[in-house]
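Numbering (the UniProt record's numbering) for the sequence shown: 1 to 146.
The next block holds one structure in the form of structure tokens; read it before the comments.
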Amino acid sequence: MLKSIVAGSCSVPLRLESKDNLNAGACFSDTTRSASVACCSSSSRTNAYNVPKLEPFSRTKLERAVKEPSLIEKSENDLADYCSTLEGDDSYSCWRAYFELKDLEKELPKEDIEKLILQSGGVKSLIGCLHGISSIRKKKHWVPRE
């Protein structure tokens with residue numbers, strides 16, 4: 001069986017040949033186009049045992065709530081993942097927002113934090129919102145000495 005595909009950013013079609021007569025993987029590379037592709041194929045009998053089984057779609061809300069992390073936990077994880085990709089001042093600002101979110105969890109009801117996360121629309125805007133809320137709360141608690 002011959003197939004022609006376009007690989008990634010390469011616009012040159014590549015021919016792939018699959019040989020199922022041995023029920024083992026066969027690899028082929030196209031040397032005429034200066035692009036190479038490794039292709040592994042196997043019989044459908046072998047692949048049937050390696051396919052993970054999906055959970056049924058009819059899970060109840062309770063089952064979903066138990067298995068999936070809450071919106072706040074997901075946001076914390078996303079924020080931590082994003083912060084770990086940054087460097088320098090951006091990283092510092094991101095981690096500061098992460099801990100500001102942790103502090104807000106202690107001070108505000110869960111529903112308010114979830115509304116904030118949903119209204120922010122993404123990790124980058126959530127960082128700005130958390131910095132703004134934190135600075136407002138600090139100014140509110142700060143009393144000048146007389």
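Idealized CB from N, CA, C, for every residue including glycine.
Ser-75 classed as buried or exposed, judged by whether at least 16 other C-beta atoms fall within 10 angstroms = Buried is the label assigned to Ser-75, since at least 16 other Cβ atoms lie within 10 Å of its Cβ.
Quick one: is Arg-33 buried, meaning 16 or more other Cβ sit within 10 Å of its Cβ, or exposed?
-> With a pLDDT of 44 at Arg-33, under the threshold of 50, the modelled position of this residue cannot be trusted, and the question is left open.
Cβ atoms of Val-123 and Asp-89: under 8 Å apart, would you say?
-> No Cβ-Cβ contact shorter than 8 Å links Asp-89 with Val-123.
Do Leu-130 and Glu-105 come within 8 Å of each other at the CB atom, strictly closer than that value?
-> Against a cut-off of 8 Å, the Cβ pair of Leu-130 and Glu-105 comes out as no contact.
How do the segment 134-141 and the segment 108-125 stand: do at least 3 beta-carbon pairs fall below 8 Å, yes or no?
-> With a cut-off of 8 Å, the segment 108-125 and the segment 134-141 do not count as touching, because too few Cβ pairs lie within range.
Compare the C-alpha of Asp-103 against each of Gly-128, Ser-134 and Asn-50 and name the closest.
-> The option with the nearest alpha carbon to Asp-103 is Ser-134.
Can you give the Cα-Cα distance for Gln-119 and Ile-113, rounded to whole angstroms?
-> Whole-angstrom Cα-Cα distance: 10 Å.
From Gly-132 to Thr-60, what distance separates their C-alpha atoms?
-> Roughly 38 Å separates the two Cα atoms.
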